[in-house]
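> Numbering (our numbering), first residue to last: 4 to 71. Glycine included, every Cβ here is placed at the ideal spot set by N, Cα and C. Below is one structure. I have some questions about it.
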Amino acid sequence: MKALIDRLYDMLNDIAAQPTSSAIWVVDCRGAMSELSDWNDEIHGNSRGFAKIADRFRATLRKALQET
Numbered sequence: 004m005k006a007l008i009d010r011l012y013d014m015l016n017d018i019a020a021q022p023t024s025s026a027i028w029v030v031d032c033r034g035a036m037s038e039l040s041d042w043n044d045e046i047h048g049n050s051r052g053f054a055k056i057a058d059r060f061r062a063t064l065r066k067a068l069q070e071t
């Protein structure tokens, strides 16, 4: 599964890097919820874990807005 997700991100980053699709931004969330305390169970994150995901979205959005 990890290899599949890594290949997906490779593909998304390739698409985002193309000049004709420069409006595409990729938010890499791999490893964001790395602590056991970020999870309610094996599948569902908790508020603390999702806050880490939100931080990554915020950082990407700030970068996108600065470059426009």
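For Gly52, is the classification buried or exposed, using 16 other Cβ atoms within 10 angstroms of its Cβ as the cut-off for buried?
To locate residue 52, count along the sequence shown from 1; it is residue 49. When all chains shown are included, Gly52 counts as buried.
> When the Cβ atoms of the stretch 60-70 are set against those of the stretch 13-32, are three or more pairs found closer than 8 Å?
yes
> Which value, in whole angstroms, describes the spacing of the CA atoms of Ala67 and Ile18?
As a working mapping, residue 67 is identified with position 64 in the sequence shown. As a working mapping, residue 18 is identified with position 15 in the sequence shown. When rounded, the distance between both Cα atoms is 16 Å.
> Please look up how many angstroms separate the CB atoms of Asp41 and Lys55, rounded, as I've assumed it's under 8 Å.
As a position in the sequence shown, residue 41 is number 38, starting the count at 1. As a position in the sequence shown, residue 55 is number 52, starting the count at 1. Indeed, because the Cβ distance is near 7 Å, the residues count as touching under 8 Å.
> Specify the secondary structure class of Gly34 as computed by DSSP and reduced to three states.
Locating residue 34 in the sequence shown gives position 31, where the first residue counts as 1. It is coil, neither helix nor strand.
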